[in-house]
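The structure under discussion appears below in the form of structure tokens.
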Amino acid sequence: MSIKIAVIGAGSVGFTRGICRDILCVPELQDTQFSFTDINEHNLEMVAQLMKRDIEANHVPASVETTTDRRRALEGADYVLSFVRVGGLEAFQHDVDIPLKYGVDQCVGDTLGPGGIMYAQRGIPALLDFCQDMEEVSADDVLFLNYSNPMAMLTWACNHYSNIQTVGLCHGVQGGHHQITRVTENWAKKRGLLDADAKLTKKDVDIICAGINHQTWYIQVQWNGIDMVPHLLEAFEADADFIKTEKVRIDMLRRFGYYSTESNGHLSEYLPWYRKRPSEILDWIDLGTWINGETGGYLRVCTEGRSWFEHDFPNWMTGEPNKFTPDKRGEEHGSYIIESLETGRLYRGHFNVVNNGVIKNLPDDAIIEAPGYVDRNGINMPIVGDLPTGCAAVCNASISVQRLAVEAALEEDYDKLRQAILLDPLTGAVCNTKEVWQMADEMVVSLGEWLPQWADEIPAADERLKNPTVDTRQYAGAARLHTKSVDEMEADKMRKQVAESDKAQERPAAAH
């Protein structure tokens, strides 16, 4: 009997098409019933057309239905995937632009910082609505696989304020694993421990990561019986590309002794040290791809990608369909979790779950990212123990912000919302208390249409903004790049680059 998988926010072409391909690469899952739902019917239909074309080309019995009625999509679902961005790019623009007026320069703004905190205020009520629908109409043992950011805060809310088992999934661990494999190979060759023409793969370098989403640490790295953790700094500093593109990650490795999963740009905005002075930001980032630290970089590529997809859709429909073969399967955890639960094949990955003692020196209620094993018996998380003390301290600073932001959204407590922004590490490095209070007012007023829980606070905030207590500035950020039009992208022959931009898979030849 086939399973039913509902995808909320299915208009996200990259994620939806990619993970459905991954699922249908599994022979036992090729009769899956997909139900796509999105509030944007136009995008929904475009993605469905692509997916149906892929299914037909591969001659598998899977099916795709589309609906703007979320409860219909969730009815009887065994698994639910969330790719939503509440407020879309319009709200995202405010997440990036308003903090800049107060000097807070974010690369992404979807995990922590003022942008991530306000993103959580929009997302938490929406995902709890999803969970309520699941409780009422989905399968009794439905599993919610959340890919939406801010990962930790949304997954925290779903697990603590609903009865739906929710697992947060991210690809940061895999990306860093590739980097570690590359520098380990080069390090070994320089010492004559590996033949000059030998190639290492991720399977050769075993890793264990633990921490919180986007601040997870490679606490164990082993190759050929060698503990590589003490050698990683030397290995990364010897890499001609990474020493330019991963300056923040390498500096954190230098200071704390462990490499972090998250990209240079992402990591820089969760910490108080690297984006606090405009004159120094360029010292820590690279503009070859947005993910290395560009101001508002993810907003730019998402905006370009949305415009390009609309423009280039006819080419997508005439291009080569996705192939459902093992060599085309991606690395996202979702398909492997579903495969393991359905077939019993063992899968080891890194998952975002409630801590409950897995990492001893992080709070039990926090959402941690740690190794887990999946088979027919479910998702099982072995005990990690203590993180290195410095690494735990970095995570705990973010966890305090996350807890305040989640409680603010659920309790409708405006003081807790402002305190969350005040305690954010980057914001605290840049802003004083008056600036934070005014910035919070400006953000809730500008984002009000997506913040129903703050409806009673918005009029008072709007009134306070008529007599501002601090001056703001017109500041574009230290490293903002121009958002290209479709014509500009067409002239630059950017089809492949824009299609992959959300993963920053390719650096332009002129990158510096």
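The opening position of the sequence shown corresponds to residue 587 in our numbering, with each subsequent residue numbered one higher. The beta-carbon is built from N, C-alpha and C at its ideal position, and this holds for glycine as well. Computed from a predicted model, the values in this text were never measured in an experiment.
Element boundaries [alpha helix (DSSP H), containing residue i]
{"i": "ARG915", "result": "No alpha helix (DSSP H) holds ARG915; DSSP gives it neither H nor E."}
{"i": "ALA1065", "result": "Where ALA1065 is concerned, there is no enclosing alpha helix (DSSP H), given that its DSSP letter is neither H nor E."}
{"i": "GLU614", "result": "Where GLU614 is concerned, there is no enclosing alpha helix (DSSP H), given that its DSSP letter is neither H nor E."}
{"i": "ASN982", "result": "975-997"}
{"i": "PRO957", "result": "That residue, PRO957, is in no alpha helix (DSSP H); its beta strand (DSSP E) goes 953-961."}
{"i": "ARG639", "result": "627-644"}
{"i": "HIS680", "result": "674-687"}
{"i": "GLN760", "result": "758-776"}
{"i": "GLN1024", "result": "1019-1032"}
{"i": "ILE867", "result": "864-870"}
Rounded straight-line distance, which links the Cα of residue j to that of residue i
{"i": "ALA1095", "j": "THR875", "result": "Bear in mind that the predicted position of ALA1095 carries a pLDDT of just 35, short of 50, making it too unreliable to give a figure here."}
{"i": "PHE822", "j": "VAL769", "result": "6 angstroms"}
{"i": "VAL694", "j": "GLY851", "result": "8 angstroms"}
{"i": "GLU1076", "j": "LYS1070", "result": "10 angstroms"}
{"i": "THR847", "j": "GLN808", "result": "16 angstroms"}
{"i": "VAL759", "j": "ASP1048", "result": "42 angstroms"}
{"i": "ALA952", "j": "ASP1073", "result": "46 angstroms"}
{"i": "VAL944", "j": "MET967", "result": "7 angstroms"}
{"i": "PRO647", "j": "THR1058", "result": "58 angstroms"}
{"i": "GLU771", "j": "ILE836", "result": "18 angstroms"}
{"i": "THR652", "j": "PHE716", "result": "17 angstroms"}
{"i": "HIS919", "j": "LEU755", "result": "7 angstroms"}
{"i": "TRP902", "j": "GLY811", "result": "46 angstroms"}
{"i": "MET1029", "j": "MET637", "result": "37 angstroms"}
{"i": "ILE805", "j": "ARG841", "result": "14 angstroms"}
{"i": "ASP898", "j": "ILE609", "result": "26 angstroms"}
{"i": "ALA634", "j": "PHE937", "result": "28 angstroms"}
{"i": "PRO900", "j": "TRP894", "result": "11 angstroms"}
{"i": "ARG1093", "j": "VAL723", "result": "Reliability fails at ARG1093, whose pLDDT of 45 lies under 50, so the model's placement of it is uncertain and the value that follows must be treated cautiously. C-alpha separation (whole angstroms): 45 angstroms."}
{"i": "ARG657", "j": "MET720", "result": "8 angstroms"}
{"i": "ARG861", "j": "GLU928", "result": "45 angstroms"}
{"i": "ASP1078", "j": "GLY964", "result": "48 angstroms"}
{"i": "LEU885", "j": "ASP781", "result": "43 angstroms"}
{"i": "ASN947", "j": "VAL940", "result": "14 angstroms"}
{"i": "TYR733", "j": "SER668", "result": "6 angstroms"}
Buried or exposed (CB count within 10 angstroms, at least 16 for buried), residue i
{"i": "LEU533", "result": "What is shown of the chain runs 587 to 1098, which leaves residue 533 out entirely."}
{"i": "ALA596", "result": "buried"}
{"i": "GLN1024", "result": "buried"}
{"i": "GLN765", "result": "buried"}
{"i": "SER984", "result": "buried"}
{"i": "GLU855", "result": "buried"}
{"i": "ILE793", "result": "buried"}
{"i": "GLY930", "result": "exposed"}
{"i": "THR602", "result": "buried"}
{"i": "ALA994", "result": "buried"}
{"i": "ARG962", "result": "exposed"}
{"i": "SER865", "result": "exposed"}
{"i": "ASN629", "result": "buried"}
{"i": "SER598", "result": "buried"}
{"i": "LEU675", "result": "exposed"}
{"i": "ILE750", "result": "buried"}
{"i": "TRP1040", "result": "buried"}
{"i": "LYS788", "result": "exposed"}
Selected residue, minimal CA-CA separation from residue i, among the options
{"i": "ARG915", "options": "ILE965, VAL612, ALA659", "result": "VAL612"}
{"i": "GLU997", "options": "ASN942, TYR747, ASP655", "result": "TYR747"}
{"i": "SER921", "options": "TRP894, LEU729, TRP870, ASN626", "result": "LEU729"}
{"i": "ASP869", "options": "TYR884, TRP902, LYS833", "result": "LYS833"}
{"i": "ASP683", "options": "GLU1074, ALA1062, ASP1073, ASP1078", "result": "ALA1062"}
{"i": "GLY762", "options": "THR831, VAL650, CYS888", "result": "THR831"}
{"i": "ASN908", "options": "GLY604, GLY797, ASN941, LEU990", "result": "GLY604"}
{"i": "LEU731", "options": "SER849, ILE923, ASP1001", "result": "ILE923"}
{"i": "LYS1020", "options": "TYR733, THR802, THR1055, LEU786", "result": "THR1055"}
{"i": "ASN942", "options": "ASN745, ILE625, GLU614, GLN616", "result": "ASN745"}
Beta carbon proximity, residue i to chain B, threshold 8 angstroms
{"i": "ASP683", "result": "Among the chains in the structure shown there is no chain B, since it carries only a single protein chain."}
Where the beta strand (DSSP E) containing residue i begins and where it ends
{"i": "ALA1015", "result": "That residue, ALA1015, is in no beta strand (DSSP E); its alpha helix (DSSP H) goes 1011-1016."}
{"i": "ALA592", "result": "590-594"}
{"i": "ASP783", "result": "No beta strand (DSSP E) contains ASP783, which DSSP labels as neither H nor E."}
{"i": "ASP1073", "result": "Per DSSP, ASP1073 belongs to no beta strand (DSSP E); it is in the alpha helix (DSSP H), 1072-1077."}
{"i": "ALA706", "result": "It is not in any beta strand (DSSP E) - ALA706 instead sits in the alpha helix (DSSP H) that spans 699-723."}
{"i": "PRO900", "result": "No beta strand (DSSP E) holds PRO900; the alpha helix (DSSP H) holding it covers 883-904."}
{"i": "ASP792", "result": "791-798"}
{"i": "LEU731", "result": "729-732"}
{"i": "ILE805", "result": "801-809"}
{"i": "GLY935", "result": "933-940"}
Closer than 7 angstroms: residue i CB and nearest the ligand ATP heavy atom
{"i": "ASP790", "result": "For the structure depicted, the ligand ATP is absent and the ligand set is empty, with no information on it obtainable."}
Exercise. Does the segment 956-975 come within contact of the segment 730-743, defined as at least 3 CB pairs closer than 8 angstroms?
Worked result: The segment 956-975 is not in contact with the segment 730-743.
For this session: Answer yes if the segment 698-707 comes into contact with the segment 635-645, meaning at least three C-beta pairs across the two stretches below 8 angstroms, and no otherwise.
Result: These segments do not touch.
Exercise. Quick check: the segment 815-829 against the segment 656-663, are there 3 or more CB pairs under 8 angstroms?
Worked result: Contact fails: fewer than three Cβ-Cβ distances are below 8 angstroms.
Exercise. Given 8 angstroms as the limit, is there contact between the segment 881-896 and the segment 1010-1030, that is, 3 or more CB pairs closer than that?
Worked result: No: fewer than three Cβ pairs fall under 8 angstroms.
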